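A.B. asks: Chains G and R are the protein sequences, given in the same order. This note's numbering puts the first residue of the first sequence at 3, with every later residue one more than the last. This note's numbering puts the first residue of the second sequence at 91, with every later residue one more than the last. Here a beta-carbon is modelled for each residue, glycine too, at the ideal position from N, C-alpha and C. All values derive from a computational prediction rather than experimental measurement. I'd like to ask you about the structure that follows.
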Amino acid sequence: MKNRGYPDMAILFCALILLGIGLVMVFSASAVKSMVLYGDRFYYLKRQLAWAAIGIAAMLFSMNFEYRHLKRLAPLILLGGLGLLVIVLIPGIGRAAHGARRWIGVGSLGIQPSEVMKLAFVIFLAASMSAKGKKMRAFTTGVLPYVVLCGVVFALILKQPDLGTAVAIAATAGIMLFAAGASMSHLLLLAMGAVPVLYWAVTSEEYRLRRFLAFLDPWSDLQDTGYHIVQSLYALGSGGPLGVGLGWSRQKFFYLPEQHTDFIFAILGEEFGFLGTSTLILLFFFFAWRGYRVALNAPDVFGSLLACGITTMITLQAVINIAVVTATIPITGIPLPFLSSGGSSLLFTMTGVGILLNISRYTTE
Amino acid sequence: MPAPDLGLRKRMAVVFIGTALFMAVLLVRVAYIQFIQGEELAKRALDMRTREVPVEAKRGTIYDRRGRELAVSVNVESVFAIPAQIRDAESTAATVATILGMEKDDVLRRITLPSSFVWIKRKIEEDVARQLKAKKLPGIETTQESKRYYPKGNLASHVLGIAGIDNQGLEGVELFYDTPLGGSKGKIIIEFDARGQEMPQALHRYIAPVDGNDAYLTIDEVVQFIAERELEQAMIRHQAKGGVIIVMDPTTGEILAMAVRPDYDPNNYNDYPVQNRRNIAVVDAFSPGSTFKPITAAAALEEGLVKMSDRFFCGGSIKVPGAVISCWSSNHGSLSFLEVIRHSCNVGFVNVGLRVGKEKFYEYVQAFNLTDKTGIDFPGEATGIMLKPDVMKTVDLAVMSFGQTLTVTPLQLITAVAAIANDGKLMRPHLLKEIRSPEGVVVAEQPPEMLRQVISRETARELKEAMRSVVEEGTGRHAYIEGYTVAGKTGTAQKVVEGRIVRGRYTAMFVGFVPYDNPKLIALAMLDEPEGAYYGGQIAAPLWAAVVRDVLQYLEIPPAPKTSTDLKPSAADPADIQVTVPNVVNLTPAEAMSVAREAGVRVFVEGGGPRILQQTPAAGASVKKDTMVIAFTEGEPGGKEQVTVPDLIGKTMRSVAATLAQVGLQMETEGSGLAIEQDPVPGTQVPSGTIVRVRFSP
């Protein structure tokens, strides 16, 4: 094993820029709500700053923690993740918010097990798939075990319920299967198999179906299912090319729900216009490019798959989030990595970035 | 550990390209939303976030022809709720209900409506609004609105009509001139957050209302007052069902007065039956009876079919195909056409009408505008029933010749007769003189409008001569006014209800003008379904004379120089009776005339002021009956009547206006709410008509 070098500074700076934008936007988007709910304009900002500090510490740690050790730890990590997913479902331990049981923890220190699982699952898949080699091409050994495992994770997260995260995890897993060399015909079969599952997931809950269809014509049900998306479009539209200016969003005055979490992109769009939204998309594009570059140049298959999985997990969430906010796809609750207010998401995104940076230190250029 | 092989690398490249493609799609999508849909979305978003609070325009004032106020708008407060801002609906409702004197449940229902703006109570008194404002209830607000106030109460109510709570004209002149009077509403646009709270740095836009223009009517308040006063007395004396007096300038078509009974107070119009609001002078048609005869005569004379000297024989009745028509008198015998008019002989008129023939008859009726609306500037004008020549039978023509089986509105009738008085020129009657902007600039005028020359000047002269003899020697003797040459025509029509003559129910009328040769005034008096005496000459003519006598005096129309014509004094020689001069100082000219009449003297008003400041002879002097008392509305310099300035502090604007008007002082206001400061101070002696400056504060 050759000595490790410098990490990819481009990724590091890109992540820090995104984090910085996130902190500014969290403050701008949440100030009014903070003031009204807690009498402190900085309430959400303070928490986000604390999480950012923890996240940066986690990134620095994982950046220096040799990723190869993760391969050994992978089964343990997976078991830990699964354990948390089970525990969160137990009333009394799991804490509920907005009708979903997604949190565990004490006081203001809450952790979302599904966020843990996002990273844990990627680490496990990378470890497991890299060990299989040519066996990945066989259905029973290469595809089926992951499908079963993914099904379990999917079911557990759906139970919370958190369809958005479940879908993001399953999609990340699918892409990793593809990257790891699974047979195209198997993957096609899998995709076809996913259709009825998704259909069931969407139609099993009445609210999900209505929400699912609302994006097609949000104005037809302005007061209920279309409300979110219409407010989001109002915000983006009000921003126009250059935006109304930092802090000047009007939609954040309780019109747009989730203004500092899942819909923070809309506030960014309102305050900075197309200039801001396009810059953000380009930053994620840059991040994806550098991330997949690390995967391509990784010294081993595990590192390659791990880099690919982490990059995919982060960029996929960004794409889904922006697609939701712009009414391009049906509404699902997924945070925008680096930007959305929320500790777990930020912590594990930063941890993931740290691992990615660690792999970049061993690239074989 | 093996490095990733080429296959894996290829697939990862595919994943990256796929991600990049997705991002490109999103970039396009965002560009589409922000560039192409942006404006529309921003507009919709703004509409969603903003609410409009209406700001009413001040409705223009209606003045009489001399600038006296007939309808004004006063500032009042209205209470509304912004339900989203209400904190404790229950207690808010209770407080508001107590102060406003409403049901608590009613208030609660309003303030919990899923609406951004809801009225609780409109147009409340300012002291009540002050109490409410003092409570500072979140979500309960007041806005200034204006309320219509008719300072003269019932006076000219049928002409003025009414305006509704939203300051919209509903009836009468208020409706007809609603657009210029109403102005246009303004609004305050405020941006609210989704909880209904006003946002910091919220959009605040005030779109000022455009205040309405003022209307100056042709009505003269004093003439109107005289007409109403006399009509009121006549209504009581004769127990009539309805009554109309119209006073008009025959040369211009300007209506100086239009009094109608039954009447109502437009300030509280809901307290009266709806039919009291009907301006029957304009919207109801009556059988004109003999007052129609001048029209028949005009047609016959103009066509050369009859001369004043032509003789007719009346044996009390006449046989026409299909009927025998009787005259109201059986001892007319042989009459000249002049005498036929003078004595209102039906048989004579049947003869003349048959000479004219259906076609010509209808042609003239049309020319006199009796088949069509007069075109007065008043909503809902009606027209009567008039048979067309193709369905007119001979008997119809015969009866129509003396004004039966056809109906016309009182306005149509006076307008037609006015054309005779005005040398054959038919003028369009009108109520509006001009429209002025709030700054006093004339923005629209209504000049006299001649519709057509109906008959020649010569025919008109002949008719005027004949109508003068009606008053001096014929059926209209009771319309005689000493010193003036009155011309007119009486009429007594049997009531026609649903095409049938109703026995025992009559309409008594008199229409006449003065002076006969160069008329300055034309007036119509009508009493509908009087009890007891019912002949036009008996009851309508004296009513007419009572009105016109005072109006002539008020308008300072000089009496005609004495001629050799046989002038009959209407009462016993007045020189024998001594009366005491009453006090008329401080009264309005109209009130002064009323007081003077009761005391048995006459009043001559000098000057155009609102109140009489001096009189001569002084009150208490003993004079001969019918002596002229000269009343000055504008005193000599230094001779102005002194009045004491009343205490106005703490009063509402309305009550201040009323108090000052009572003592003859003018007011100039500043602010709104209750009076807090006044200049001059209470107790000061000032000349009447002085302006008192009053400052109001909520």
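Could you run through the segment 291–302 of chain G and flag, in chain order, every residue whose CB is less than 8 angstroms away from some CB of chain R?
C.D. replies: Residues W291, Y294, A297, L298, A300, P301 and D302.
A.B. asks: Is it buried or exposed, Q50/G, if we count other Cβ atoms within 10 angstroms and call 16 or more buried?
C.D. replies: For the purposes of this step, residue 50/G is taken as residue 48 along the first sequence, with counting starting at 1. Buried.
A.B. asks: Where do the ends of the alpha helix (DSSP H) carrying F287/G lie?
C.D. replies: Stepping through the first sequence from its first residue, residue 287/G is reached at position 285. Run containing F287/G: I266 to N299, per the alpha helix (DSSP H) assignment.
A.B. asks: Can I201/R and A171/R be called in contact, C-beta distance under 9 angstroms?
C.D. replies: Numbered from 1 along the second sequence, position 111 holds the residue referred to as residue 201/R. Numbered from 1 along the second sequence, position 81 holds the residue referred to as residue 171/R. Contact: yes.
A.B. asks: Of all the options L298/G, G354/G, I333/G and G82/G, which has the alpha carbon lying nearest to the alpha carbon of D164/G?
C.D. replies: Position 162 of the first sequence, counted from the first residue, corresponds to residue 164/G. Taking only the C-alpha atoms, the option nearest D164/G is I333/G.
A.B. asks: How would you call F368/G, buried or exposed, if buried means at least 16 neighbouring beta carbons within 10 angstroms?
C.D. replies: Residue 368/G cannot be examined here, being either before or after the span of chain G that is shown, 3 to 367.
A.B. asks: Determine, using beta carbons only, whether S712/R and N165/R come nearer to each other than 9 angstroms.
C.D. replies: Here the question's residue 712/R lines up with position 622 in the second sequence. Here the question's residue 165/R lines up with position 75 in the second sequence. No.
A.B. asks: Can you grab the Cα-Cα spacing for the pair A102/G / I58/G, in whole Å?
C.D. replies: Reading the first sequence from its first residue, position 100 is the one you call residue 102/G. Reading the first sequence from its first residue, position 56 is the one you call residue 58/G. Distance between the alpha carbons of A102/G and I58/G is about 29 angstroms.
A.B. asks: Using a Cβ-Cβ distance under 9 angstroms, would M790/R count as near chain G?
C.D. replies: Nothing about residue 790/R can be read from this structure; chain R reaches only from 91 to 788.
A.B. asks: Near A297/G, which residues of its chain fall below 6 angstroms by C-beta distance, leaving aside the five closest residues on each side in sequence?
C.D. replies: Translated into the one-based positions of the first sequence, residue 297/G becomes position 295. Taken in chain order, the residues that qualify are S306, A309 and C310.
A.B. asks: Would you report the Cα separation of L238/G and K277/R, rounded to the nearest angstrom?
C.D. replies: Position 236 of the first sequence, counting from 1, holds the residue named residue 238/G. Position 187 of the second sequence, counting from 1, holds the residue named residue 277/R. Between L238/G and K277/R, the C-alpha separation is close to 29 angstroms.
A.B. asks: Flag this pair as touching only if the segment 403–412 of chain R and the segment 352–366 of chain R have three or more C-beta atom pairs under 8 angstroms; answer yes or no.
C.D. replies: The segment 403–412 of chain R, when compared against the segment 352–366 of chain R, does not touch it at the 8 angstroms Cβ threshold.
A.B. asks: Is N303/R helix, strand or coil by DSSP?
C.D. replies: Working through the second sequence from its first residue, we reach residue 303/R at position 213. DSSP places N303/R in coil when its eight states are reduced to three.
A.B. asks: Counting only beta-carbon atoms, is P770/R nearer than 9 angstroms to chain G?
C.D. replies: The residue labelled residue 770/R in the question sits at position 680 within the second sequence. Not one chain G Cβ lies under 9 angstroms of P770/R.
A.B. asks: Looking at D618/R and V249/R, is the spacing between their C-beta atoms short of 9 angstroms?
C.D. replies: One-based indexing of the second sequence puts residue 249/R at position 159. One-based indexing of the second sequence puts residue 618/R at position 528. The answer is no: Cβ separation not under 9 angstroms.
A.B. asks: Quick one: list the residues of chain R neighbouring A182/G, beta-carbon separation under 9 angstroms, in chain order.
C.D. replies: Walking along the first sequence from the start, residue 182/G turns up at place 180. Residues of chain R passing the Cβ test: L98 and R101.
A.B. asks: Counting pairs of Cβ atoms below 8 angstroms between the segment 340–355 of chain R and the segment 628–636 of chain R, do you hit three or more?
C.D. replies: The segment 340–355 of chain R vs the segment 628–636 of chain R: no contact.
A.B. asks: Taking all protein chains shown into account, decide if D264/G is buried (16 or more other Cβ within 10 angstroms of its Cβ) or exposed.
C.D. replies: Taking the first residue of the first sequence as position 1, residue 264/G is located at position 262. It is buried - the Cβ of D264/G has at least 16 other Cβ atoms within 10 Å.
A.B. asks: Counting pairs of Cβ atoms below 8 angstroms between the segment 242–258 of chain G and the segment 341–349 of chain G, do you hit three or more?
C.D. replies: The segment 242–258 of chain G vs the segment 341–349 of chain G: no contact.
A.B. asks: With the cut-off set at 9 angstroms, would you say P301/G and G275/G are in Cβ contact?
C.D. replies: As a first step, residue 301/G is located in the first sequence; it is residue number 299 there, counting from the start. As a first step, residue 275/G is located in the first sequence; it is residue number 273 there, counting from the start. Cβ distance not < 9 angstroms, so P301/G and G275/G don't count as in contact.
A.B. asks: With 9 angstroms set as the bound, which would you pick, yes or no: does the beta-carbon of Q175/R sit closer than that to a beta-carbon of chain G?
C.D. replies: Locating residue 175/R in the second sequence gives position 85, counting from the first residue. Not closer than 9 angstroms to any Cβ of chain G, the Cβ of Q175/R fails to qualify, so no.
A.B. asks: Take every Cβ of the segment 173–192 of chain G, pair it with every Cβ of the segment 210–219 of chain G, and state whether three or more of those distances are shorter than 8 angstroms.
C.D. replies: The segment 173–192 of chain G, when compared against the segment 210–219 of chain G, does not touch it at the 8 angstroms Cβ threshold.
A.B. asks: If you follow the beta strand (DSSP E) that R43/G is in, where does it begin and where does it stop?
C.D. replies: Here residue 43/G corresponds to residue number 41 of the first sequence, with the count starting at 1. Neither: R43/G is in no beta strand (DSSP E) and is coded neither H nor E.
A.B. asks: Tell me which same chain residues have a C-beta within less than 6 angstroms of the C-beta of R785/R, skipping the five on either side of it?
C.D. replies: Stepping through the second sequence from its first residue, residue 785/R is reached at position 695. Excluding sequence neighbours, R785/R sits near E760, G761, I766 and E767.
A.B. asks: Do the CB positions of R692/R and T678/R come within less than 9 angstroms of each other?
C.D. replies: Residue 692/R sits at position 602 when you count from the first residue of the second sequence. Residue 678/R sits at position 588 when you count from the first residue of the second sequence. No, these two residues do not count as a Cβ contact at 9 angstroms.
A.B. asks: Between the Cα of L293/R and the Cα atoms of E555/R, L614/R, H568/R and R139/R, which residue gives the shortest distance?
C.D. replies: Your numbering for residue 293/R matches position 203 in the second sequence. Per the Cα distances, R139/R.
A.B. asks: Find the nearest neighbour of V313/R within the set A284/R, S426/R, T565/R and Y644/R, judged by alpha-carbon distance.
C.D. replies: Sequence index remark: in the second sequence, residue 313/R carries index 223 (1-based). Selected option, being the one with the closest Cα: Y644/R.
A.B. asks: Give a yes or no on whether 9 angstroms exceeds the smallest Cβ distance from T2/G to chain R.
C.D. replies: As displayed, chain G neither begins before 3 nor continues past 367, which places residue 2/G out of reach and without an answer.
A.B. asks: What's the call for P77/G, buried or exposed, on a 16-neighbour Cβ count within 10 Å?
C.D. replies: Here residue 77/G refers to the residue found at position 75 when the first sequence is read from its first residue. When all chains shown are included, P77/G counts as exposed.
A.B. asks: Quick one: grab the DSSP three-state call for R99/R.
C.D. replies: One-based indexing of the second sequence puts residue 99/R at position 9. Here R99/R sits in helix by DSSP.
A.B. asks: Determine, for I125/G, whether the minimum Cβ-Cβ distance to residues of chain R falls below 9 angstroms.
C.D. replies: By 1-based counting over the first sequence, the position of residue 125/G is 123. It does not: the Cβ of I125/G has no partner Cβ on chain R nearer than 9 angstroms.
A.B. asks: With a cut-off of 8 angstroms on the beta carbons, I'd call G626/R and V671/R a contact; round off their distance for me.
C.D. replies: Position 536 of the second sequence, counting from 1, holds the residue named residue 626/R. Position 581 of the second sequence, counting from 1, holds the residue named residue 671/R. Contact doesn't hold; Cβ gap of about 35 angstroms is too wide.
A.B. asks: Return the Cβ separation of I316/G and G354/G in integer angstroms, given the expectation that the two are a contact with Cβ distance under 8 angstroms.
C.D. replies: Working through the first sequence from its first residue, we reach residue 316/G at position 314. Working through the first sequence from its first residue, we reach residue 354/G at position 352. Right, their Cβ atoms sit about 6 angstroms apart.
A.B. asks: Alpha carbons only, please: which of I123/R, R744/R, A147/R and A508/R is nearest the one belonging to V337/R?
C.D. replies: For the purposes of this step, residue 337/R is identified with residue 247 of the second sequence, where counting begins at 1. Out of I123/R, R744/R, A147/R and A508/R, A508/R has the C-alpha closest to the C-alpha of V337/R.
A.B. asks: I'd like to know whether the C-beta of A325/G is nearer than 9 angstroms to at least one C-beta of chain R.
C.D. replies: Taking the first sequence and counting its residues from 1, the one referred to as residue 325/G is at position 323. It does: the Cβ of A325/G has a partner Cβ on chain R nearer than 9 angstroms.
A.B. asks: Closer than 9 angstroms by beta-carbon distance: list the chain G residues that pair up with Q365/R, in chain order.
C.D. replies: One-based indexing of the second sequence puts residue 365/R at position 275. Correct list: empty, because the minimum Cβ distance to chain G is about 49 angstroms.
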